Each structure stands twice: as structure tokens, then as C-alpha cells.
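Scroll down for the structure; my scribbles are underneath it.
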Amino acid sequence: MKMRLSTQRMRANASVLAMMGVAMALPTGVAAQESAPADPTTAPQSVDAQTTEGASGALPVTDIVVTGTRLGSNFNAPTPVTSIGAERLDALGITNVGEALNQLPSFRASSGPAAQANLGGNIGARLLDLRGLDPQRTLVLVDGKRFVPSTVQGSVDTNLIPSSLLRSVDVVTGGASAAYGSDAVAGVVNFVLDRKKEGLDGEFAAGMSQRGDDGNLFASLSGGMRFGDRIHVIGAVEYEKLEGLGTCTSRSWCDSQTLILGNTPGAGGLPANLIIGGVNTSTVSPGGLINRSYNAAGQVIGTTATDPLRGTKFLADGTPGRFQYGSLVGPLFMLGGEGQGRNGFISALRLKVPLERVSTYGALTADLTDDVTLTADLSYGRVKGTVDGAIFRDFNGTLLGRIKRDNPFIPAAVASTMDANGVASFILGKAAFDLGPGRATSTTETYRGVLGVEAKLSDKWTVNGFYQYGRTNFTQRATNLVNQANLLKAVDAVRSGGQIVCRVNADAIASNDDAGCVPFNPFGEGQFSQASVGYITGNGLQRTVNEQHVAGVDLRGELFDLPAGPVTVAVGAEYRRDTVDGTADPISAANGFYSLNGSALSGGVTVKEIFGEIAVPVLRNSSVGYALDLNGAARRTDYSTTGSVTTWKAGLVYEPIEGVRLRGTRSRDIRAPNIFELFGPQTLRSIGLSDPLNGGLQTNPFVVTGANPNLSVEKADSWTGGFVIAPRSGLLQRLRLSVDYYNIKVADAIGALGAQTLVNRCAQGATNFCSQITRDANNQILQVRDVILNSNALKTSGYDIELQYRQPLGSWGELNGQLIANITKELTTVDALGAVDRAGQTGVRTGTIPGVPDYVLDGVLTWTVGKFQLTGHGRYIPSGIYWTNFVGPDQDGYAVTAPNSVDNNNVPSRFYLDMTARVNVEAGHGRTFQLFATVNNLLDRDPPAMPGPSGGTNQILFDPVGRAFKVGARFHFGA
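Residues 307 to 1281 (my numbering) make up the sequence shown, in order.
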């Protein structure tokens, strides 16, 4: 069965919205790379725009980097490439290139400071997720060479690459494994440096939100200079500090506590699931809440209605009181009642984590002779982020155990009730706001050096060789972590010899004694001793080192001439060695902390590759077409872990008339499992789930995630086809239009399905997933093993559209515009039970796989008059569904009595508008200054309120900050 939202209504509106979006078009800082060169006047020059190519004196020259091919700059690659220039960053007041890329419709911003929630790891990392196929399927390059991984999953944190030194960022939309090797399943992002930069450029910017938070500071210096005629150096240093946002209570849309509330399907005429605000916790409270009582035989006493102690809460001072239940009371949540603002599942979540980064880069280009050029690159980056872990919570005694009658911390009134009703123990539900969350600070440091040599063997043949070394040092230090084993012992207190002691030290069993155990009082808030806190909490530490060695050589040139031009080829070989070596504290290694456990892993992969590429010009100025080029590439790769595999690509570019170009590619691409997926540890955390086998019962089990040494290579079949219209003369010469279709199918896809997905698919009949779920004697979920598997197939298809236009206005200046759109026809995961299509899913539920909108429109319009520029940036996200597994009243198959029924499965649309004004000031003698001011989310649109893993919305798609301001200045000194 294929689960799919009917999105015909939304897609029917896409063409109308696209036409409306032309009015909000994007400046020429983003352009299809294959189009004809634009008139230099089409893009307003930023303050650091360089014109060194026209300056007197020769510069050391290396070939222009062309992404998507090994054949050099004299070849029109058939692979669609979108190029983002520095102008886009300047026009929008963006100081981080990763942020700019994640705004593009073809990317899913699945990581970043606003999507961290309570997870540790590379905190605040900006990873690139092209096509929504996950970051590990997007290959990141710098000047055509791999950048050292920032994470153990092999992904690159773009925070570590300076934005101020870039000439452009090229995005290849389609498989490129034959050109670059593993990981290029979704595409390639190539950061192309401005190696001819001259003069000194600087920028300083600061901002904050309208609500006084999300403070940010940015400063950069970059420049380049020549030494004689043969040596040129460039360098850059950047510093950025982000203060982040507060907890869920700092924004009304999150403080509304909109969560999923379970209901008996059909009861009261309501569906099984309600997405509704005002949801509080029904079985935990900050001071503690008694949920069930047990007799001496361990049997439950009475029902929830007749239990003598159920509903007894403990006030902050530890005295008992009556808990105010709301309606629709379930095992985790209820509607209304008490607890607003102190929901242990979301109230303490930080909506955007603080982050600090430093990135530096230096590069040298030297002509050793007229035919031999040496290049050397050195870079260093450091990113530091802090995250708060989940508030400790226990509602069923899994962590606190049952509180026994002889516990001396039990208030006298409760003890009397226990004696009168034969109660020997009870379950205490507690959300430990008094302990506070654990806190982790991660530091990622990356070092990279590249040494390359290019030699011209003749006027037609060139050889290149390089060696690259990269190292990433990752450290995570965590504090205030609840030690689960110590907590269980400390809560189980007794009185012995007139003193309150831990039971393990008072019983007759000497082998379980723990001299360090200090009794912990769980009743009330802060009624415990600091010594007991010192015993039940601890610090975690993780250190991981990634190292990468890469060496390569390639030969390219012209084999022979055909009537339409020379046949060009490139052949080469590469060697790569990736290793990871890590350690963690012993408690983390055993998943002994409640949250933020560090992980230790060690492993390595050696890769050996040979490759070749050829381009054959078939037609030039022919009666059957203006131009036709054929292109092919192949690569044979041997992995030390998974064996050998072959990738290939075939493509063509056909220009029937000048200015109209048709292009298409077909490729086989691969991704080998990375070191983390093969050799990583298994970690433990607790999340909220719904159990379909128990009528949608909400529960809070542990989830185990981690590696699998038996993974194999995933294989992808991709093809693209499209056209570019770029008239070079006539009325439409200022128009650029490209439309490309893409289709990617990944077999044996490596990944984790998500705990909630596993539970649902098991309930639906996919019995191979049921073995990953552990239940107790009452059939309640205790644990879900969400480990990495080769269990899926992935499919995605859609269209990329770019429309660019420039309109002179005479004395009123000119307008520059471009619309970028992505239409996703399909984003499907296929498992043993069938296919689930997440195109159109704009909500994201904890423990599930995120989706993408049906389409996204992104446009900017820049008006330039004299020294003044005004830019408007609009981004439209259409309405979608919350979750593919839910069925709402307006969807086919809805039944109020079905366990997957929901009262509202719709997520409303959002339109965001940003404005930036810039003023250039000429100071003479080659000095230029620019002042700018930006207002982001000018209309102050809140995100849709809905349940999400990072708070009360889907922060992958929607802005959690609200209206925000930034001001700054730029300068350029030099020619």
C-alpha cells in the first residue's frame, strides 16, 4: 500500500503561485552555470567585487573550476549546475554560506542551530541535505576536492568554510559519483574560491530579534595580493557568535503546548489522535505525582478511579496535595488541567542553540615555470555550540523504581494512607525541573592542507596531481547528567541506625554495597541534599579524531579533432584513507546517563579509484542543430570494507538553435557505508511514542540507535533532463530560463527508519521490524532498536526551475530578478510493507523521517539606482500535511474509529519576506564603503504551531525567531 496525501489541489495552484512569484525574483547572484555569460551590468557590484582580471600585470593562472566534470572549462557539462555568487549573501545580509544554501528550494535544512533540540553531537552544524536524501548523500568539495569530514557520519559542517573568500558555490543537481566518487548520490556542492582576489575586504554586522534575543555578531577580513608576476596569495578569517533563543516558553506558538493527545478511537465522536494546544502532562509533575499503588504481593490496587493514592501530587515543599486532572486523560498527556509552562517534554527545549565559530583559509598560487603551477591551501576552523538535554522524567517507575513504604522521605500523611489501604509501594511520576537539564558543549576543530601541481605537457595536454591531509578534532563535554544506576539506588532509601541511608548499604547483601551512595529525596522540588545530587549526576566526555588522506592524479587533453571540435578526455586515479578514533567516559559508553551520552568509535576505510571521462562534439553550426555534445564517464572504486563497485554517467547537450539548449544525463551512483554506520556505537535516549497495537497508547520508551557492521553499498540510478533558454540577442537577451527534471532511485538505502516508523510498520504487518521492538508482560513498549539498516529503497523526482530577468529603468536604475522553484513529485521510502511518500509532508513528528513540501518558491528582487540598492527576498512554503501515517477528515480513507485518525492533519502555508537596503560610498583611492540594514521576517510570521522534535513546530522548514534586525558595514581597499 502506498500512503500519500492527495495534493492535487495544492499542485493545481503551483503554476499560479509561480507566476505571482516572478514579481519577487532573485538577483543574478544565483544563476544556471550553463547559461551564456550575463552582461556584467546585470548584477550590482558588491563592495568587494573584484576586477583584477583586467588589471595590468599577469596573475598566476590555474584552470577555472567547473563543477560536474573533469574536462575543464571548455566543455558544456550536461549536468544541471546552479551557481550562487557572493552577491546573494551581500544582498540578503547573510554572513554564513550554509544558511544561504539551505534557503534554496532544492535543499532541506535538516540541521543547524534551530534544529538541534536536545541532542548532542556536532551542535549547531550546518549540514547540506540536497533533495531531502540526508546530508551523507551530498558530497561537499572545495575547489573540486573533498573537504575533510566534520562529523563521524562523513558530512561537512559548512560553518568551517569562510564565506568571504568564495567566488561562487556550485550545486550539481544529480548524481556525480562517476566524476567525484562515493557520496554524490543526491549531488555535489562545490565551494569555488576566488583565487585571483586582490585588495583588502572587511565586514562587520550585528543584529537581534524584535523580542530582544537571537543576538548575533559577525566580523571578517579577507584579501589577496601579488608578489611579482608569478605568486599570488589570498587569505580570510571570520568570526561569528550566535546567542540563540530561549526555551519553548519564550515563544507563544511553542508555549501553547500543541502536542498529540491520544484518545480512544471514536470515543466522544473524536478520532484517535488530536493535535491540539493546551496539552499538559498527566503522569509526571515537577514535585512528583503518584500514578499507581501496589500491595505487598506486587499487585496493583483497584482501578485508576479507586486507587487510594493516585492523583496525589507533591508541592514544591514536599507536602502532598491533589493533582488537577484535565480531560481526555491518557498515560502521558491530558487536555487542560495543571502544569501549563512546565511540560517535561517540551518546556525546557531550547529553540535555537548558541554557537560560536572561527574559520580561516589561506591559499597560494605560484608559477614555478611558464608550464608548471604550484598551489597550496591551508585552513583551520573551530565551531563551539551548547545544547540542553532532555529534562529527566519518569512516569512508570522504569528509572526511579517503585517507592517502598519504608522510604523515610515519604510524607507522614501519605504514609498513613498507605498503611490504611495496604499499600506497600507506589509509582512516582516526576519531571525533574529542579535538577535542570544536562548540558553539553561541543567543540569541532578542523585542519586541512592541500598541495597541488599542474603541469602543461603541451598546448593540448595537462596533468594535475595533489595530496591532501585533513583532521577534525571533536570534543563534547557534558555536565549535570543523571546517572541512571546511581539514581535508582539513591531513591531507594531506608532508615537504619537512626540515619537515612541507601538500601543497598543497609541490606544483608555485602556485594551490592556502595559507599558513595547518598539518599535522594524525590518529593517536592529541591528538597534533596547537594551531596545526593553529586551522587546521582555526573559529567560526560567524548573525544573523536577524524583523519583523511587523499592523493590523486589526472591527465586531460584532446585526443583528436572532429569537424565539430576536439574530442577531450580525462583519466586519473585517487587514493583515500579515512579513519576515526574516539573515546568516551565509561558511563556514556554503557549508555548509563539519561541523556547526552557520548560515544566512542574506531575504524577506517581505504578507497582506491580509477576514472575516465570523454566528451565528443558531434555538431557545430549544422543544418540539424547549432551544437550537439556527448559526454560519458566511468569510475571503478575499491573499498576495503565493502569491495569493488563501478559507477558511470552518460549525457548529452543539444542546442537546436543558438540560445536554446537541451540537456540530459543518466548515471549509476553509489554510497558506501561510512565509518559511523559500520563501526559506531549504539546510544540510548528516551522519546514519546504512540503505540498502534494498544489503541494509540502514548508511551515513553528508550530508543537505541547506532551502527551495523554488516551494511553493504547502496546503489542509485539517476537521470536528469531539461532545457535552458538564454537568448544572446534580441528582445529576450536579458532572460534566462532553465527547467530540469530529476529522478533518483536508491536501492539498499542505508539509514534508520525512526522509532515511531518502526512501531507503526510493525503494527501494519511488516513483521521483520517487530523484532526491533521490546515489550513487557503487559505488552507495553520498553525499547525500540532503531539501528542502521540496508532496509529501504528511496525514490525522489521533481523539477528545478530558475527564471532570471533584468529590466533597465532608465534614470530610475534597473531591476534584477530571479525566481527559483523546486517541485517535488515524490520523496518515497520503500520497505517490506510498501511505499510511503513524504512529498507534501511539512510537519515532522519525533522519531519519524522528515518530508519536504510539494514545492517551494524562493525569489529576490533587487532595485539598483545610483549607489543605493534595495532587495526583497520572498520564500513561500505551501500548505501540507503533518504526518503521512495520519489520516484527517479531509483525506481519503478517514474513519473516526481508525487508530491512525487525527482531527487535523493539515499544516498551513507560510510566506516569509526579508528586506535589505545597501548604500555604497566611494572614498577615492580605491577605497569603497557600504552600509547595509536587513529586516528578516518583515511580516513577523510565527511558524505553524504543531508538535515537533525541536519544539512546537517544524524548525527544519519554518522560522522560529520572528522579526529580526541586522545592521552592518563593508569595506574594500585596493584596485
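Beta carbons are placed, not taken as given, at the ideal position from N, Cα and C, and that holds for glycine. No experiment lies behind these values; they were computed from the predicted model shown.
Are residue i and residue j closer than 8 angstroms when you measure CB to CB?
i	j	result
residue 412	residue 1106	yes
residue 1258	residue 564	yes
residue 827	residue 730	no
residue 890	residue 904	yes
residue 902	residue 888	no
residue 1028	residue 1045	yes
residue 886	residue 981	yes
residue 1021	residue 1061	no
residue 1270	residue 515	yes
residue 844	residue 667	no
residue 482	residue 555	no
residue 701	residue 647	no
residue 992	residue 696	yes
From residue i to residue j, what does the alpha carbon distance come to, in whole angstroms?
i	j	result
residue 1264	residue 407	15 angstroms
residue 899	residue 917	48 angstroms
residue 1156	residue 1143	11 angstroms
residue 877	residue 862	6 angstroms
residue 440	residue 491	10 angstroms
residue 912	residue 446	19 angstroms
residue 1086	residue 1194	26 angstroms
residue 1034	residue 965	6 angstroms
residue 252	residue 768	Since the first residue shown for the chain is 307 and the last is 1281, residue 252 is missing from the structure and cannot be characterised.
residue 425	residue 503	40 angstroms
residue 1287	residue 633	Here the chain covers residues 307 to 1281 and nothing more, so residue 1287 does not appear.
residue 661	residue 1183	27 angstroms
residue 417	residue 1211	24 angstroms
residue 925	residue 1171	44 angstroms
residue 706	residue 897	17 angstroms
residue 1245	residue 1097	44 angstroms
residue 1048	residue 1146	17 angstroms
residue 333	residue 1103	Per-residue confidence for residue 333 stands at a pLDDT of 37, beneath the threshold of 50, marking its modelled position as unreliable; the derived number appears in the next sentence. Whole-angstrom Cα-Cα distance: 27 angstroms.
residue 405	residue 553	22 angstroms
residue 607	residue 728	9 angstroms
residue 872	residue 1230	48 angstroms
residue 1032	residue 1108	12 angstroms
By Cβ distance below 8 angstroms, which residues in the same chain neighbour residue i in space, the five residues on each side in sequence not counted?
i	result
residue 247	Since the first residue of the chain shown is 307 and the last is 1281, residue 247 is not available in this structure.
residue 562	583, 584, 1251, 1258
residue 571	577, 578, 1001, 1002, 1202, 1203, 1204, 1205, 1207
residue 947	911, 978, 979, 984
With a threshold of 7 angstroms on Cβ separation, who are the neighbours of residue i within its own chain once the five nearest residues in sequence on each side are excluded?
i	result
residue 620	593, 594, 626, 829, 830
residue 820	795, 808, 810, 811
residue 456	428, 431, 462, 463, 466, 750, 752, 778
residue 1071	1139
residue 598	606, 613, 616, 732, 733
So, for residue i: in the same chain, excluding its five sequence neighbours on each side, which residues have a beta-carbon less than 6 angstroms away from its beta-carbon?
i	result
residue 776	454, 754, 854
residue 1014	1093, 1094
residue 961	932, 933, 967
residue 508	527, 1277
residue 624	829, 830, 833
residue 415	408, 1262
residue 818	810
residue 665	466, 468, 544, 687
residue 1075	1064, 1067, 1068
Using the DSSP secondary-structure output, state which residues sit across from residue i in a beta bridge.
i	result
residue 878	860, 917
residue 1087	1081
residue 611	DSSP lists no partner for residue 611.
residue 884	854, 911
residue 681	671, 758
residue 559	Paired residues: none, contrary to the question.
residue 690	662, 749
residue 1169	1121, 1176
residue 1104	1048, 1130
residue 767	863
- Item | Contact the stretch 1198-1207 vs the stretch 1236-1255: 3+ CB pairs below 8 angstroms | No, they do not touch.
- Query: Within the chosen definition, does the stretch 604-623 reach the stretch 511-528 through at least 3 CB pairs nearer than 8 angstroms?
  - Reply: Touching, no, given that fewer than three Cβ pairs across the two stretches are closer than 8 angstroms.
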